[in-house]
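Remarks on the structure that follows.
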Amino acid sequence: MRLDINLANRPYEDAGQFWMRWGTALAAVGLFTLLLLTLTVSGWFSARRDRNKVSELRGKIAASDAMRRQAEEFLNRPENRATRDDSQFLNELIERKTFSWTRVLEDLEKVMPARVHLVSIHPELDDDNQLALNMTVAGDSRDKAIELERRMEESLRFTQTHIVAEHIDVASSSVQFNIKAIYVPHALGAPVANSPATGAPAVSAQISKRSNP
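In the working numbering, the protein residues as written are 10 to 222.
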């Protein structure tokens with residue numbers, strides 16, 4: 010009978026199997042670390058590019074604002090006021106080409122609550138060259154005017170809508186409201202009807218004009 014006795018100080022271990030296990034684990038950890046490092050470096054470069062783009066856009070915006078201020082200062086000089094007024098007048102004429110009474114009345118009809126009708130409407134260009142509408146509507150209660158204000162704000166054609174004033178019309182026993190809003194015209198080139206839609210409310214309308222010298 011033969012007995013194998015290990016006289017070494019440490020028990021026998023299979024070194025090849027040991028290094029295979031730990032080598033695989035270390036390789037996996039190394040690959041994972043390399044992946045994280047790659048993602049970190051890529052994210053850093055991407056963030057750097059974004060910061061550069063934002064900085065470039067801010068520079069362009071600042072340059073545009075500076076040019077606009079210089080142009081405004083130039084046009085506001087006494088000797089250039091006539092040119093500025095003529096330019097504003099031309100801008101108004103161009104803007105009015107995008108204004109259609111038919112479209113405005115159709116858009117208002119879509120948001121007008123029941124028992125509310127349009128009394129008058131007065132469009133004009135504000136200081137930001139936006140098409141502002143000053144309207145007077147009549148209804149039987151303030152709730153209807155608030156509903157109209159809400160509907161106009163929810164639509165795509167009106168923004169910055171607010172009730173300016175209200176008063177009671179004794180003759181018709183109705184409440185009239187003065188409403189201001191910014192009108193967003195339809196895209197240029199879109200077809201426009203030749204006549205207002207059937208059932209559109211009767212309107213006393215006027216548009217601000219500048220007299221030619």
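For each residue, glycine too, the CB sits at the ideal point set by N, CA and C.
Counted within 10 angstroms of its Cβ, other Cβ atoms place Phe-54 as buried (16 or more) or exposed:
Label assigned to Phe-54: exposed.
The ligand ATP and Thr-145: does the residue's C-beta get closer than 7 Å to at least one heavy atom of that ligand?
The ligand ATP is not part of this structure, which contains no ligands at all.
So Met-161 is in the beta strand (DSSP E); what residue range does that whole segment cover?
Note, Met-161: premise wrong, no beta strand (DSSP E); alpha helix (DSSP H) at 151 to 163.
Three-state secondary structure (DSSP) of Met-144
Met-144 falls in the strand class under three-state DSSP.
Counting along the chain, where does the beta strand (DSSP E) carrying Asp-178 start and finish?
Unbroken beta strand (DSSP E) run through Asp-178: 167 to 178.
Cutting at 8 Å between CB atoms, please list the residues of its own chain near Glu-158, excluding the five before and the five after it.
Taken in chain order, the residues that qualify are Thr-170, His-171, Ile-172 and Ile-188.
Same chain, Cβ closer than 6 Å to Leu-52, five either side skipped, listed in chain order
Going by the sequence as given, residue 52 is Gly instead of Leu. Excluding positions up to five away in sequence, the list is empty.
Bounding residues of the beta strand (DSSP E) (the contiguous stretch that carries Val-128)
Where Val-128 is concerned, the enclosing beta strand (DSSP E) stretches over 125 to 134.
By Cβ distance below 6 Å, which residues in the same chain neighbour Gln-139 in space, the five residues on each side in sequence not counted?
These residues qualify, in order along the chain: Ile-191.
Alpha helix (DSSP H) segment containing Val-193, residue limits
Looking at the DSSP string, Val-193 is not in any alpha helix (DSSP H), and its letter there is neither H nor E.
From His-126, Glu-162, Asp-136 and Arg-166, residue whose alpha carbon lies closest to that of Phe-186:
When each option's Cα is compared against that of Phe-186, the closest is His-126.
So the candidates are Ala-180, Val-184 and Arg-166; which of them puts its Cα closest to the Cα of Ile-155?
Taking only the C-alpha atoms, the option nearest Ile-155 is Val-184.
With which residues is Ser-183 paired in a DSSP beta bridge?
In the DSSP output, where bridge partners are listed per residue, Ser-183 has Asp-178.
Simplified DSSP state of Asp-59, which is helix, strand or coil:
DSSP, reduced to helix, strand and coil, places Asp-59 within a helical segment of the structure shown.
I need the DSSP call for Pro-122, collapsed to helix, strand or coil.
Of the three classes helix, strand and coil, the one that applies to Pro-122 here is coil, per DSSP.
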